[in-house]
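Residue numbers (the numbering used here): 57 to 279.
Accompanying notes for the structure given below.
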Amino acid sequence: MGYPSIFATGLAVLLAVGAGACAAAPDTGRRIVPSYDDFTGRLVRLSADQDGDGRLDQWTYLDGNRPLRGEADTDRDGRIDRWEYFDAQAALVSIGTSSLNDGIEDTWTEPAAAANGLLHVAYSRRRDRQRDRHEYFRGAVLERVEEDTNADGRIDRWERYEGAVLREAAFDTMLSGRPADRRVLYDDRGRFMYVDADPDGDGRFVRVQGDEAAPARPPGVFE
Ligand SMILES: [Ca+2]
Ligand SMILES: [Ca+2]
Ligand SMILES: [Ca+2]
């Protein structure tokens with residue numbers, strides 16, 4: 057799975073026509089307007105009207121010819137709905153989107169899977185830009201989830217899936233920032249099997265018996 061940058065096009069067009077003037081394609085009405093830093097004269101932003109309706113819909117922020125980030129209103133409703141971030145080599149490293157399409161960025165997808173084959177998607181469930189949920193996919197199949205349920209910046213809940221079936225939900229029940237001390241295990245059809253716990257943190261889990269074994273929180277519920 058890969059996501060090409062939508063901003064590279066505008067940049068390529070501008071550089072082809074030469075930075076310094078407003079670039080317009082007469083047949084389509086597409087327009088790209090460069091902005092320069094008053095003091096250094098460096099190119100700092102390209103504003104584009106990609107669909108030629110007379111309204112700007114795409115902005116690329118640059119340091120000279122190097123793109124830093126981009127913003128676009130791809131559905132032309134007047135609100136930004138796509139954000140792109142580039143590294144020092146101008147490679148696209150993250151794509152931001154808005155789950156409610158209300159102009160608030162709350163989801164970040166990496167453009168390609170990491171070396172371990174997993175594609176990372178991060179969410180700000182509180183929509184405050186703090187990334188409190190992380191999903192890892194192999195192809196289109198969810199494999200791992202990590203969550204910071206109390207917004208202290210530390211992961212305290214982990215889920216492991218096999219073939220999209222939840223097999224394990226683990227918790228740092230003390231919210232101590234340490235590894236999980238309690239786990240809920242499910243069979244290969246997602247049916248509850250048992251709970252085990254490691255209350256003293258020595259890495260050895262023992263099965264919890266009786267009423268204590270009820271899942272701490274039902275899987276999939278965010279609190
Ligand atoms: Ca437009
Ligand atoms: Ca929009
Ligand atoms: Ca936490």
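Even glycine gets a Cβ: it sits at the ideal position worked out from N, Cα and C.
query: Cβ-based neighbour list, valine 201, same chain, cut-off 6 Å, excluding 5 preceding and 5 following; result: Glu191 and Glu215
query: Pair within 7 Å by beta-carbon distance, aspartate 228 and aspartate 254; result: no
query: Glutamate 239, buried or exposed, once every other Cβ within 10 Å from all chains shown has been counted against 16; result: According to the sequence as given, residue 239 is arginine; it is not glutamate. The residue in question, arginine 239, is buried, as its Cβ has 16 or more Cβ neighbours within 10 Å.
query: Cβ pair arginine 183, isoleucine 211 closer than 7 Å; result: no
query: Residues surrounding ligand 1 [beta-carbon distance to nearest heavy atom under 7 Å]; result: Asp105, Gln106, Asp107, Gly108, Asp109, Gly110, Arg111, Leu112, Asp113 and Arg132
query: Close-in-space but distant-in-sequence residues of the same chain around glycine 173 (CB under 6 Å, 5 per side omitted); result: Arg194
query: First and last residue of the uninterrupted beta strand (DSSP E) at aspartate 119; result: 114 to 119
query: Beta strand (DSSP E) segment containing phenylalanine 227, residue limits; result: 221 to 227
query: Reference aspartate 137; option with closest CA among Arg181, Gln145 and Ala128; result: Ala128
query: For glycine 108, the three-state DSSP class (helix, strand or coil); result: coil
query: Ligand 2 heavy atom lying under 6 Å from the CB of arginine 135; result: yes
query: Cα-Cα separation, tyrosine 217 to alanine 104; result: 43 Å
query: Distance cut-off 6 Å: aspartate 208 Cβ against heavy atoms of ligand 3; result: yes
query: Cβ neighbours of phenylalanine 142 in the same chain (closer than 7 Å, five flanking residues each side left out); result: Pro123, Leu124, Arg125, Leu148 and Val149
query: Anticipated Cβ contact below 8 Å, arginine 132 with tryptophan 115, distance rounded; result: Incorrect: roughly 14 Å between the Cβ atoms, too far for contact.
query: Nearest residue (CA-CA) to aspartate 208, options Ile151, Met249, Arg187 and Ala220; result: Arg187
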